[in-house]
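Inspection log for the structure reproduced underneath, given as structure tokens.
Number of protein chains: 2
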Amino acid sequence: MQEPQAAEAGEARLIARSFRPLAAHPGAFGLLDDAAAIAPPPGCDLVLKTDGVVAGMHFFPEDPPDTVARKALRVNLSDLAAKGASPLGFLLTLVLPPEIGDAWLAPFARGLGSDAAHFACPLFGGDTDRTTGPITISIAMFGAVPHGKMVRRAGARPGDRVVVTGTIGDAALGLILRRERSAAARWGLAQSQQDHLMRRYLVPEPRIAIAEALRAHASAAMDVSDGLAGDLAKLCRVSGVATDIEVTRVPLSDAARAALAKEPALIETIVAGGDDYEVLACVPPDNLEALRRQATAVGVAITDIGAVAAGQGQARFVDACGQPLALAHPSFSHF
Amino acid sequence: MQEPQAAEAGEARLIARSFRPLAAHPGAFGLLDDAAAIAPPPGCDLVLKTDGVVAGMHFFPEDPPDTVARKALRVNLSDLAAKGASPLGFLLTLVLPPEIGDAWLAPFARGLGSDAAHFACPLFGGDTDRTTGPITISIAMFGAVPHGKMVRRAGARPGDRVVVTGTIGDAALGLILRRERSAAARWGLAQSQQDHLMRRYLVPEPRIAIAEALRAHASAAMDVSDGLAGDLAKLCRVSGVATDIEVTRVPLSDAARAALAKEPALIETIVAGGDDYEVLACVPPDNLEALRRQATAVGVAITDIGAVAAGQGQARFVDACGQPLALAHPSFSHF
């Protein structure tokens, strides 16, 4: 239904110029063909994932374009990490309102290119369209795992320990700070603590480094994108188990700990908020030390937060007094 | 940035119910995991392609949801066919305005499922988000070709013949009919001819059946999505050749031929309009008969429309009198 327009040829050139440097793999054919071709690593399964982000829904339209790009890529890399997979590359669909031009596309492409290089995850192709709606970015990500070794959600067994990487709740607190600057004063946060929380919201850190350790030691895993409580419940349902999490063991950053001390009700935001992009894994007790050792060796902290029990999908949290924590909204939903 | 809402859990279930039947491959894990895993066929390269469609841009918001789904899938299958690849499966990103519910999603999923089964191209995963903008559908498609055998755009050589499958221009004429019903009377079209053109616009026919023949016999190929003239120019540029096309040899349906007889200026719409989703290929003369024979055997017509010559990207068209055809807008652009 599009009308042909001479201006579009110029735009096509702009987009090609911005994104061609990201298509470093020879199988991307410099984005000059209709499709890419890649020889999959021998003995490996492909791991396939797609995740989209929409302005006003998953990011603020005024967010720096380079961080928007990096987040769009990293939320997909985070899934690969949790599945024990290494990145091979990605496809990009950009749907842009008419006012988006070089001033936005150039830093977007720079941010994306920087991360594509850092994570050895080249661009294999894309599609760009115009819309009357908000900026919409969809990434389809391909990774590889040794055949049959993708770490599943299903696989947790009673007796396993529940672990998470990094710290939980930072991004959800960063989002509150982003929306309501007065929260920083209320929580008594230093500037560096505010910066930490905001950065965790803007640019997640996918735990690609521990993919191999997860394959070796985890019985089940997923990334935490929609909140620890809700995502844990999903894992419990698919594995057909329950979990008992001690809230006091959930790892917090200094900034999150400071905010929580001033406003104890934030515990709900911390365990049910989204955008953590940490890995949640279930681990047979005999594997726990080996997983921790391998993770530490690549700079990723692992914290034991509770146990897997028999059950049918219950993700229970108990507070410092051993009382059940009732969550009003256990999960964000990206549907 | 989404707020948690209990209603969303219901919607997630609706979407899961609609799309789970399409995820028939065991590696899709019933859409219950974060990612899919698939063992690539031995000795094959993966062929990767993504193409998105936006309501009001690539389809009419009031188009039947089942045909929207089928077109979204088929435009990607058409690329695979032109590259000589067989489909393996796809990922789906659906970005939906708030008013879209079961009444649209159910027929959309049925249409998609029908084609996924027909083309042996299962769903491997997806993501659904809400938007304040129009319906936006992005599909990432994976196919397979024997290692190193993807049919490229680059590869045409002077002396090759230029061929196309099927008929050209139907969808562009169907789009005019869709926008301007009086055109049918002006062109003197019978109802069946109108139906033919409209159907060609709504639901393209990807030429998957000739993928193997293209691998065996074509020196270069691409699908015709943005108009024969413009797409041929792209192929010429990447191959570093020119082409001389005889407009009178471009294959037309009865309906297109009838319309053209009444309105000769439609030749521009026919050769420069988009949405054909036929295959354009360059073929060494010695291979032409074998390609035609193999294509005919699977029910696909192949027409020789001209020759490849030395040059630097010129896609020349000459009319019945041997005069150059000047095209005001040689191509649609989907950028």
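Line order of the protein sequences matches chains A and B.
Counting along the first sequence from 1, when you hit position 50 you're at 49 in numbering that gives the first Met the number 0, and nothing is skipped either side.
Counting along the second sequence from 1, when you hit position 231 you're at 230 in numbering that gives the first Met the number 0, and nothing is skipped either side.
Glycine included, every Cβ here is placed at the ideal spot set by N, Cα and C.
Note that the coordinates shown come from a computational prediction; the quantities given were computed from them, not determined experimentally.
The three-state secondary structure of B/Arg156, taken from DSSP, is coil. Residue state for B/Glu267 is assigned as helix, using DSSP reduced to three classes.
DSSP, read as helix, strand or coil, puts A/Met197 in helix. In the three-state DSSP reduction, B/Leu326 falls in the coil class, being neither helix nor strand. In this structure, the straight-line span from the alpha carbon of A/Arg160 to that of B/Leu231 is close to 60 Å. Interface flag for B/Phe316 against chain A is unset, since no Cβ pair is found closer than 8 Å.
Closest in alpha carbon position to A/Leu13, among A/Leu21, A/Ala81, A/Ala105, A/Glu98, is A/Ala105. DSSP, reduced to helix, strand and coil, places A/Lys261 within a helical segment of the structure shown. By the rule that beta-carbons nearer than 8 Å mark a contact, A/Ile37 touches chain B.
Contact between the segment 278-290 of chain B and the segment 143-159 of chain B is present, with at least three C-beta pairs closer than 8 Å. Nearest to A/Ala153 by C-alpha distance, out of A/Gly312, A/Pro25, A/Ala319, A/Phe316, is A/Gly312. In the three-state scheme derived from DSSP, where H, G and I count as helix and E and B as strand, A/Val223 is classed as strand. With a threshold of 8 Å between beta carbons, A/Ala23 makes no contact with chain B.
Nearest in C-alpha terms to B/Asp126, of all of B/Val297, B/Leu30, B/Gly229, B/Leu326, is B/Leu30. Counting along the chain, the unbroken alpha helix (DSSP H) around A/Glu211 starts and ends at 210-216.
A direct Cα-to-Cα measurement between A/Gly239 and A/Ser218 gives close to 13 Å.
For B/Thr242, the enclosing beta strand (DSSP E) stretches over residues 240-245. Identification of chain A residues near B/Val163 by a Cβ-Cβ cut-off of 8 Å yields none; the smallest Cβ-Cβ distance measures about 15 Å. Residues of the segment 55-75 of chain A with a C-beta atom less than 8 Å from some C-beta of chain B are Gly55, Met56, His57, Phe58, Phe59, listed in chain order. Exposed is the label assigned to A/Pro97, since fewer than 16 other Cβ atoms lie within 10 Å of its Cβ. Around the beta carbon of B/Val46, 16 or more other beta carbons sit within 10 angstroms, so the residue counts as buried. Residue state for A/Gly55 is assigned as coil, using DSSP reduced to three classes. For A/Val74, the enclosing alpha helix (DSSP H) covers residues 64-81. Classified as buried, B/Ser224 has 16 or more neighbouring CB atoms from the shown chains inside 10 Å of its CB. In its chain, beyond the 5 residues on either side, Ala80, Thr164, Val278, Val299 have a beta carbon closer than 6 Å to the beta carbon of A/Arg206. With contacts defined by Cβ atoms closer than 8 Å, A/Gly124 and A/Leu90 form a contacting pair. If you look at A/Glu98, you'll find it isn't in any alpha helix (DSSP H); DSSP assigns it neither H nor E. Going by C-alpha positions, B/Phe107 is about 47 Å away from A/Arg256. Under DSSP, the beta-bridge partners assigned to A/Val317 are A/Glu245, A/Pro323. Contact of A/Ala139 with chain B is assigned, a C-beta pair being separated by under 8 Å. Shortest Cα-Cα distance from A/Asp243 to any of A/Leu227, A/Pro263, A/Ser137, A/Ile37 involves A/Leu227.
Contact check for A/Ala212 against A/Ala294 passes: the beta carbons are separated by less than 8 Å.
Excluding five sequence positions before and after A/Gly55, the CB atoms of its chain that fall closer than 7 Å to its own CB belong to Pro133, given in chain order. When C-beta distances to chain B are compared with 8 Å, every residue of the segment 175-205 of chain A stays at or above that value. In the DSSP annotation of this structure, A/Leu172 is not part of any beta strand (DSSP E); the continuous alpha helix (DSSP H) holding it starts and ends at 169-178. Close CB contacts of B/Val270 within its chain, under the 6 Å cut and outside five residues either way in sequence, are with Leu227, Ala228 (chain order).
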